[in-house]
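Right, one structure below, let's go through it.
Protein chains: 4
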Amino acid sequence: MHVMVVNTKAYREGMGNEAIKIAKIMEKVGKETGIRMIIAVQHADVHRVASNVEIDVFAQHIDAIEYGSHTGWILAEGLKEAGAGGSIINHSEHPVTINEIKRSVEILRKNKMESIVCASDNEIAKSVAVFQPDYVAVEPPELIGGDISVTKTKPSVVKNAVESVRKVSNSAVLCGAGIKNGEDVRKAIELGSSGILVASGVVKAKNKEKIIMEMASAMVE
Amino acid sequence: MHVMVVNTKAYREGMGNEAIKIAKIMEKVGKETGIRMIIAVQHADVHRVASNVEIDVFAQHIDAIEYGSHTGWILAEGLKEAGAGGSIINHSEHPVTINEIKRSVEILRKNKMESIVCASDNEIAKSVAVFQPDYVAVEPPELIGGDISVTKTKPSVVKNAVESVRKVSNSAVLCGAGIKNGEDVRKAIELGSSGILVASGVVKAKNKEKIIMEMASAMVE
Amino acid sequence: MHVMVVNTKAYREGMGNEAIKIAKIMEKVGKETGIRMIIAVQHADVHRVASNVEIDVFAQHIDAIEYGSHTGWILAEGLKEAGAGGSIINHSEHPVTINEIKRSVEILRKNKMESIVCASDNEIAKSVAVFQPDYVAVEPPELIGGDISVTKTKPSVVKNAVESVRKVSNSAVLCGAGIKNGEDVRKAIELGSSGILVASGVVKAKNKEKIIMEMASAMVE
Amino acid sequence: MHVMVVNTKAYREGMGNEAIKIAKIMEKVGKETGIRMIIAVQHADVHRVASNVEIDVFAQHIDAIEYGSHTGWILAEGLKEAGAGGSIINHSEHPVTINEIKRSVEILRKNKMESIVCASDNEIAKSVAVFQPDYVAVEPPELIGGDISVTKTKPSVVKNAVESVRKVSNSAVLCGAGIKNGEDVRKAIELGSSGILVASGVVKAKNKEKIIMEMASAMVE
Chain A
0 MHVMVVNTKA
10 YREGMGNEAI
20 KIAKIMEKVG
30 KETGIRMIIA
40 VQHADVHRVA
50 SNVEIDVFAQ
60 HIDAIEYGSH
70 TGWILAEGLK
80 EAGAGGSIIN
90 HSEHPVTINE
100 IKRSVEILRK
110 NKMESIVCAS
120 DNEIAKSVAV
130 FQPDYVAVEP
140 PELIGGDISV
150 TKTKPSVVKN
160 AVESVRKVSN
170 SAVLCGAGIK
180 NGEDVRKAIE
190 LGSSGILVAS
200 GVVKAKNKEK
210 IIMEMASAMV
220 E
Chain B
0 MHVMVVNTKA
10 YREGMGNEAI
20 KIAKIMEKVG
30 KETGIRMIIA
40 VQHADVHRVA
50 SNVEIDVFAQ
60 HIDAIEYGSH
70 TGWILAEGLK
80 EAGAGGSIIN
90 HSEHPVTINE
100 IKRSVEILRK
110 NKMESIVCAS
120 DNEIAKSVAV
130 FQPDYVAVEP
140 PELIGGDISV
150 TKTKPSVVKN
160 AVESVRKVSN
170 SAVLCGAGIK
180 NGEDVRKAIE
190 LGSSGILVAS
200 GVVKAKNKEK
210 IIMEMASAMV
220 E
Chain C
0 MHVMVVNTKA
10 YREGMGNEAI
20 KIAKIMEKVG
30 KETGIRMIIA
40 VQHADVHRVA
50 SNVEIDVFAQ
60 HIDAIEYGSH
70 TGWILAEGLK
80 EAGAGGSIIN
90 HSEHPVTINE
100 IKRSVEILRK
110 NKMESIVCAS
120 DNEIAKSVAV
130 FQPDYVAVEP
140 PELIGGDISV
150 TKTKPSVVKN
160 AVESVRKVSN
170 SAVLCGAGIK
180 NGEDVRKAIE
190 LGSSGILVAS
200 GVVKAKNKEK
210 IIMEMASAMV
220 E
Chain D
0 MHVMVVNTKA
10 YREGMGNEAI
20 KIAKIMEKVG
30 KETGIRMIIA
40 VQHADVHRVA
50 SNVEIDVFAQ
60 HIDAIEYGSH
70 TGWILAEGLK
80 EAGAGGSIIN
90 HSEHPVTINE
100 IKRSVEILRK
110 NKMESIVCAS
120 DNEIAKSVAV
130 FQPDYVAVEP
140 PELIGGDISV
150 TKTKPSVVKN
160 AVESVRKVSN
170 SAVLCGAGIK
180 NGEDVRKAIE
190 LGSSGILVAS
200 GVVKAKNKEK
210 IIMEMASAMV
220 E
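So the sequences go chain by chain: A, B, C and D. Take 0 as the starting number for the first sequence in numbering that gives the first Met the number 0 and just add one per residue. Take 0 as the starting number for the second sequence in numbering that gives the first Met the number 0 and just add one per residue. Take 0 as the starting number for the third sequence in numbering that gives the first Met the number 0 and just add one per residue. Take 0 as the starting number for the fourth sequence in numbering that gives the first Met the number 0 and just add one per residue.
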């Protein structure tokens with residue numbers, strides 16, 4: 000099943016009640032299109048959003064820790080109890096060590112939570128796929144937040160990532176960075192990815208329902 | 000007014016519903032004793048706890064960021080909207096750069112939130128007090144989580160911290176590390192501190208109401 | 000050709016003139032046994048050691064930077080000019096992000112320097128091998144500095160690392176952690192590794208020549 | 000005595016033999032003007048530069064460690080043995096935690112080495128001065144590497160830094176960021192600083208002797 004992940008980052012337009020609004024639109028569109036919807040929100044928003052919708056709510060980061068004296072760090076178990084079903088790991092805006100990637104995937108798996116590990120190119124995609132996360136999201140950092148999608152500028156990155164990941168893992172590949180419309184999404188699917196990871200393209204859109212529907216529809220087979 | 004800060008860390012016993020239970024006991028004891036109560040919880044717990052009690056709910060850490068593309072980082076504005084009234088900064092389990100300390104205090108102040116900056120000795124207490132946080136919490140890291148309180152082993156650290164901080168700031172000094180009973184608390188107040196920062200001493204106690212009451216009572220003038 | 004890498008860490012016994020002494024013994028033993036010798040020294044020692052011996056001198060870490068405004072960071076080009084032929088990357092005592100691993104390997108290759116990327120288990124070994132470093136050194140961190148060698152306690156880690164790495168790369172596998180004598184070394188070679196990475200076992204030995212000769216001899220086919 | 004510190008960063012023009020050339024010019028100008036000269040070079044260059052000149056050679060960074068298992072980290076003792084007389088700490092391009100600043104100053108002092116702690120504004124200058132480093136260098140990061148000097152744009156930052164530091168410490172204040180000519184230097188001294196910290200203004204100058212002489216002369220009382 001194709002999946003659409005919306006990352007609200009630390010955007011004012013994706014925080015608190017705004018996050019709930021986006022999640023509700025995603026829930027509605029998800030029901031209509033059959034596309035799996037995941038919203039990755041700020042840690043403080045996980046419980047509120049998860050209490051208001053049935054779609055999956057993810058965190059944007061966890062720390063590679065378990066219960067204990069870890070003041071201020073992000074505990075997977077705490078997020079799980081708050082309603083999170085998984086987490087992004089190693090986003091280019093929050094890179095971690097390779098051991099932390101491995102450990103975080105393991106901790107999430109142990110808690111029956113899903114993992115989306117970000118990779119800035121196809122070689123890194125293959126490298127992180129070794130840890131068997133549920134998803135590997137390929138996002139060339141220079142395109143993140145921009146207006147030109149990775150599917151247009153660097154289609155080979157996506158294609159190579161899909162092939163490289165397949166060699167070492169069953170992780171599904173998501174495609175991110177600069178995705179702005181249905182055409183970008185269609186191209187992402189054509190290149191072999193299982194879905195998309197979007198942020199500003201949805202969160203900062205004026206008509207959020209329109210763009211979410213456009214993107215989701217482009218994934219319907 | 001004296002203040003009692005309980006830091007739930009990433010303890011299983013201080014997470015989710017457990018955090019709410021502790022907060023409710025603190026609220027009750029706070030009303031009875033007149034001591035100001037602050038509970039510093041995991042980010043994912045802020046909203047749930049703040050929705051259930053009237054005492055102040057703090058975060059255990061914020062990142063020195065503002066709205067924007069900061070996937071996975073902790074935004075003060077997001078915590079504020081979730082109900083937080085402030086945050087711990089630079090806990091010895093989550094040290095940050097000196098510029099991040101300054102910036103975090105400023106960001107909290109701008110959002111009308113309070114700051115508790117941790118310091119591992121009296122010299123560092125003076126150093127961070129320059130940034131005029133609301134509270135400076137002195138915690139020798141070697142005593143954190145232990146059974147011997149700073150007031151017993153290193154009373155001079157607390158006394159010197161109070162004097163040093165006063166020279167450069169109006170920040171109130173809190174006393175932490177190894178505080179386990181009313182006697183430790185009384186000593187902390189005698190040494191000039193304005194309150195205490197406790198974690199395992201409360202969160203891992205079998206009878207939480209008893210120990211919270213004992214500690215709070217020891218602060219009543 | 001089998002290789003013996005001695006990492007002097009920040010040991011007093013492996014610094015400055017002591018590093019030169021160890022390097023000279025390694026040079027002598029290398030000539031006698033035909034084993035390739037590499038000494039990885041502190042950055043400040045690279046030039047002095049490299050000026051005194053013909054064996055390869057490596058750094059223990061580089062930062063993933065190139066020429067520019069990077070006060071205090073470690074530049075591969077600077078080490079190269081000082082006489083270094085390569086560097087260790089991602090030692091468990093100095094972990095870096097996955098992007099930094101990739102970038103560091105690339106920067107070293109561009110400067111015609113060799114790379115030894117450390118990995119704490121066979122899965123991480125496979126993951127870093129994707130970046131095609133010259134060497135992948137497998138070192139379970141819990142055994143580093145100890146008295147029980149990885150070849151005794153966890154022979155399967157070494158064997159699996161060799162097989163896993165082979166699937167994605169031509170990188171040679173080194174074996175580290177707790178290696179103390181010729182028998183440990185023989186076992187490492189038997190398990191398929193191309194050599195060893197040792198630190199305290201050599202640097203803190205009373206009779207350095209004896210142990211270096213014992214270890215090198217064990218690698219002679 | 001006034002002091003001129005030249006930071007060669009990771010500049011190609013300040014590495015290896017180029018660093019030695021700059022150091023020799025500084026030595027010559029220092030003898031002629033009586034201004035104390037310090038060159039802060041890459042770690043790999045410390046020994047070579049220190050072996051070739053009599054002026055002080057500093058590192059651009061040390062890690063807050065002592066002898067031990069610290070692969071890849073920068074040990075003050077190792078730099079000392081290589082000929083370094085001190086180190087920059089907390090440069091805005093290499094920020095560290097407040098505990099690391101304190102610890103690094105202590106480690107340098109214990110090794111009879113001098114410390115230059117960088118601060119991006121006058122408040123941070125006061126904060127780090129609490130640890131009694133030999134020098135506090137005030138450098139607004141937005142001016143570093145630029146063409147407009149701090150003495151022109153933000154003279155009050157320098158003046159306030161000098162006054163703030165004096166309240167808590169005897170540390171001498173250096174002035175940095177954008178210093179390009181003798182006039183900038185004269186102004187820095189007028190504002191109460193004890194010298195300057197320069198980088199590109201000297202290292203990237205075509206006629207290095209001319210600019211070093213111009214800057215040093217401007218500090219002669």
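We treat Cβ as the ideally placed atom computed from N, Cα and C, and that holds for glycine.
- Using a Cβ-Cβ distance cut-off of 8 Å, the segment 77–85 of chain D and the segment 1–21 of chain C are in contact, since at least three pairs of beta carbons, one from each stretch, lie closer than that value.
- By the Cβ test, the segment 1–10 of chain B is not in contact with the segment 183–196 of chain A, since fewer than three Cβ pairs between them sit closer than 8 Å.
- Chain-ordered, the chain A residues with CB closer than 8 Å to the CB of SER119(C) read ASN98.
- For ILE123(D), there is no enclosing beta strand (DSSP E); the enclosing alpha helix (DSSP H) covers residues 121–128.
- Taking 8 Å as the threshold, the shortest C-beta distance from ASN89(A) to chain C falls below it.
- Three or more Cβ pairs drawn from the segment 156–167 of chain C and the segment 116–127 of chain C lie within less than 8 Å of each other, which places the two stretches in contact.
- By the beta-carbon neighbour count (other beta carbons within 10 angstroms, threshold 16), GLY33(A) is exposed.
- In this structure, the straight-line span from the alpha carbon of SER163(C) to that of TYR134(C) is close to 13 Å.
- Taking the Cα positions, THR70(B) is about 15 Å away from VAL56(A).
- Residues of the same chain with a CB within less than 6 Å of the CB of VAL202(B), apart from the 5 flanking positions on each side, are THR7, TYR10, GLU12, GLY13 in chain order.
- The residues VAL48, ASN51, in chain order, have a CB closer than 6 Å to that of ILE19(C) in the same chain once the five nearest residues on each side in sequence are set aside.
- Collapsing the DSSP output to three states places LEU142(B) in a helix.
- Comparing alpha-carbon positions, the option among ILE73(B), ALA187(B), ILE21(B), ALA83(B) lying closest to ALA136(B) turns out to be ALA187(B).
- Exposure of GLY67(A) is indicated by the presence of fewer than 16 other C-beta atoms within 10 angstroms of its C-beta.
- GLN41(A) has a beta carbon lying within less than 8 Å of a beta carbon in chain B.
- Under the three-state reduction of DSSP output, LEU74(B) falls in the coil class, being neither helix nor strand.
- Contact note: VAL164(B) does not reach chain D at a C-beta cutoff of 8 Å; the least C-beta distance is about 11 Å.
- Closest in C-alpha terms to VAL45(C), from the list HIS60(C), GLU31(C), ARG35(C), comes HIS60(C).
- Rounded to the nearest angstrom, the gap between the Cα atoms of VAL40(C) and SER199(A) is 46 Å.
- Judged by DSSP in its simplified three-state form, ASP55(D) adopts strand.
- Within the segment 84–118 of chain D, the alpha helix (DSSP H) runs of at least 4 residues that lie entirely inside it are, in chain order, 97–109.
- At a Cβ-Cβ threshold of 8 Å, ALA128(C) and VAL167(C) count as neighbours.
- Put simply, the segment 176–183 of chain D touches the segment 206–217 of chain D. At least three CB pairs are less than 8 Å apart.
- Within chain A, the residues whose beta carbon sits less than 9 Å from that of SER68(B) are LYS8, ALA9, TYR10, GLU92, ILE143, GLY144, ALA198, SER199, listed in sequence order.
- Exposure of VAL219(D) is indicated by the presence of fewer than 16 other C-beta atoms within 10 angstroms of its C-beta.
- About 7 Å separates the beta carbons of ILE106(D) and ALA63(D), which is inside the 8 Å limit, making them a contact pair.
- Per DSSP, the continuous beta strand (DSSP E) segment holding ASN6(B) begins and ends at 2–6.
- In terms of beta-carbon proximity, VAL202(C) stays away from the interface with chain A, with every pair separated by 8 Å or more.
- For GLY194(A), the secondary structure class from DSSP, reduced to helix, strand or coil, is strand.
- In this structure, the CA atom of PRO139(A) is about 10 Å from the CA atom of SER148(A).
- Taking a contact as a CB-CB distance under 8 Å, the pair PRO132(D) and LEU190(D) does not count as one, their CB atoms being some 20 Å apart.
- Under the DSSP assignment, ALA136(C) falls in the beta strand (DSSP E) whose first and last residues are 134–137.
- Under the 8 Å criterion on CB atoms, ASP44(D) is classed as interfacial with respect to chain C.
- The beta carbon of HIS60(A) falls within 8 Å of a beta carbon belonging to chain B, placing the residue at that interface.
- Boundaries for ALA215(C): no beta strand (DSSP E) harbours it, while the alpha helix (DSSP H) harbouring it runs 207–216, taken from the DSSP string.
- For VAL40(D), the enclosing beta strand (DSSP E) covers residues 35–40.
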